[in-house]
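Each number in this note's numbering comes from the position in the sequence shown (counting from 1) with 10 added on. Idealized CB from N, CA, C, for every residue including glycine. Right, one structure below, let's go through it.
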Amino acid sequence: MGVKNYQQYTVTSHAKERVLSRFNITNKEFDDWMTRLLSQSTYVETQDNNRTKYRYNDIVLIVDSKQKSVVTVYSLNAHDDIAIHEKTNPEVKATINKALDEFIDQKKRRVAINIRDDLKKSLDSNSRMIKRHANYRFTNRAWDDFLEAFNKIKGQVETAEVIIKEAEMKKNEG
């Protein structure tokens, strides 16, 4: 998953300008944001001129695979350029913040529910490996089961953290 060898890619000035203006990202946040985008995006298609299209949620990323550069970044959501700004009515802002608080709480509960079975599977696999009379012939299989469940949990938690962080950032906007 992600752009292969993404660490070798550079970001064109055009792409950086687009990210900063379209996604309300600060210069300080830019490197981490781009690393997450490059590492977690999913391949969509290969285009002309060595261009490759990737997608992370509703964010589209176009890279030049020959030049190893990020060409542009945009959102599938046409309303992303319209941000909540300082002139937002306080009553409206309070309502939005209340809805975001509820969304964050619901997201946390949904993730907890979704990972429950995987947590049980990882615990069961772990238990099979650490028993006093463990059959070492099956250790590799138990280890593989453990890693599979753990990685699935990790992915779900990391995705939720990104979404929750974004919701909290929106709450902090004017």
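- Around the Cβ of L133, a 10 Å sphere holds fewer than 16 other Cβ atoms; the residue is exposed.
- Collapsing the DSSP output to three states places R65 in a strand.
- Contact annotation: the segment 134-143 touches the segment 151-168, with at least three C-beta pairs closer than 8 Å.
- Our two residues, S51 and D68, have alpha carbons roughly 10 Å apart in a direct line.
- Between the alpha carbons of L86 and A25 lies a distance of about 16 Å.
- Here the segment 54-61 makes contact with the segment 73-81; the two share three or more CB pairs at distances below 8 Å.
- For T36 and S49, the gap between their C-alpha atoms comes out near 19 Å.
- Per DSSP, V80 is not a residue of any alpha helix (DSSP H); the beta strand (DSSP E) it occupies stretches across 79-85.
- In the DSSP assignment, E183 falls outside any alpha helix (DSSP H), carrying neither H nor E.
- In the structure shown, I35 falls within a coil segment according to DSSP collapsed to helix, strand and coil.
- Annotation for V13: no alpha helix (DSSP H) segment contains it, and DSSP assigns it neither H nor E.
- Going by DSSP, T56 is part of no alpha helix (DSSP H) but of the beta strand (DSSP E) stretching over 52-56.
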